[in-house]
Amino acid sequence: MVSQTVPVRLDNETLSFIDFLVEQGVYSSRSEALRELIKAGVEEAKWIVKIIEGANKLLEIEKKTGETPIKLTGALKQLLKERERF
Amino acid sequence: MSYIDTSTIVAALDPEDPRYHRTRKILEEEEYKVISELALAELANVISRREELVANIASKLGLTRELAVITIILYIMRKFKLNYGSTREFSKTPPLGETYAPIAEAIKLSPKLKLKTLNTLHIAYVKTLKNKGQPIRKIITVDKNFKKSKNQIENIAKTRLHIIE
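Protein chains in written order, with this note's numbering: chain A, 1 to 86; chain B, 87 to 251.
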């Protein structure tokens, strides 16, 4: 796999944590620790892609059918009524 | 730039409301629109309680219900080209202490506006966003509760208040 070098600034707290993991032998170097943790973070963040794709799909449905797939019937009355209470 | 109150967005998606077409037209015609995190929270709340809608969208898109709610919010923001204005800032309210900037504004505005809490908070967000450099000229709402303090809102926030009736 082709890889690239990316310069990144980290705060001391994060770096201390990375160093701790290296000292404990979890990773062999700062570089490996960062690489593995970023990969895990990217995997974890895949739900963001699902949301973006989902919103695009809803926009497509609207374009195709000519009407919004999101109807909040009766919601305004409820919202205004709740605002009245506080 | 216009600040869009949550009520305007909800009206534009509520076919039962008589302002449905008017609010849609206004949202489509207004060029630069900003919403606050308060609008995001109110929208999440309104959408979450439409359980059938959320379940239907979740199943259609293969998402959990939690993700479906955020997906619907993102769709609404893209549909009406709404920009989220962030207010990451804290302010001092001596001698009470440090609070989140919109809350500090709301504390200052409350005795002047005498509105309900959420209405006061929306005006506080307008002031905070303006202090952060957002050129807000107009507040667009369908909530008539703002009406009684229209002059004060316009004077204090230096912003026109447009209530869609």
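Built from N, CA and C at the ideal position, the CB exists for glycine as well.
Output needed for residue i: all residues of its chain with C-beta closer than 6 Å, excluding positions within five of it in sequence on either side, in chain order.
i, result
"Arg108/B", "Ile250"
"Leu58/A", "Pro69"
"Ile133/B", "Val155, Ile158"
Measure from the alpha carbon of residue i to the alpha carbon of each residue in the options, then state which is nearest.
i, options, result
"Ala98/B", "Ser134/B, Ala190/B, Ile162/B, Leu195/B", "Ile162/B"
"Asp91/B", "Gly171/B, Gly219/B, Leu199/B", "Gly171/B"
"Arg85/A", "Val96/B, Glu123/B, Glu191/B, Leu204/B", "Leu204/B"
"Gln78/A", "Lys178/B, Ala192/B, Glu102/B, Lys218/B", "Glu102/B"
"Arg174/B", "Ala144/B, Ile242/B, Ser145/B, Tyr186/B", "Tyr186/B"
"Leu124/B", "Leu201/B, Ser93/B, Pro180/B", "Ser93/B"
"His208/B", "Leu247/B, Glu184/B, Phe176/B, Gly219/B", "Leu247/B"
"Ala127/B", "Lys167/B, Thr179/B, Val96/B, Phe176/B", "Val96/B"
"Leu129/B", "Asp11/A, Leu76/A, Gln24/A, Pro7/A", "Leu76/A"
If you measure from the beta carbon of residue i to each beta carbon in chain B, is any gap under 8 Å?
i, result
"Gly66/A", "no"
"Arg83/A", "yes"
"Gly41/A", "no"
"Ala75/A", "yes"
"Asn46/A", "Residue 46/A is actually Lys in this sequence, not Asn. Answer no: the Cβ-Cβ gap between Lys46/A and chain B never drops below 8 Å."
"Lys63/A", "no"
"Leu58/A", "yes"
With 8 Å set as the bound, which would you pick, yes or no: does the beta-carbon of residue i sit closer than that to a beta-carbon of chain A?
i, result
"Arg164/B", "yes"
"Arg151/B", "no"
"Asn169/B", "no"
"Ala97/B", "yes"
"Leu124/B", "no"
"Pro186/B", "Note that residue 186/B is Tyr in the sequence shown here, rather than Pro. So, not an interface residue."
"Ser196/B", "no"
"Ile90/B", "no"
"Arg136/B", "yes"
"Ile189/B", "no"
"Lys200/B", "no"
"Glu128/B", "yes"
Just to confirm my understanding: we take residue i, look at its own chain, exclude 5 residues before and 5 after, and list those with CB closer than 8 Å. What are they?
i, result
"Thr245/B", "Tyr89, Val212, Lys216, Ile222, Arg223, Lys224, Ile225, Ile239"
"Glu36/A", "Tyr27"
Since residue i sits in a beta bridge, which residues does DSSP pair it with?
i, result
"Gly183/B", "Thr179/B"
"Tyr89/B", "Val120/B, Ile225/B"
"Arg246/B", "Lys224/B"
"Asn169/B", "Val120/B"
Just to confirm, does residue i get its C-beta within under 7 Å of one of the non-hydrogen atoms of the ligand MG?
i, result
"Asp100/B", "This structure simply doesn't include the ligand MG, nor any ligand for that matter."
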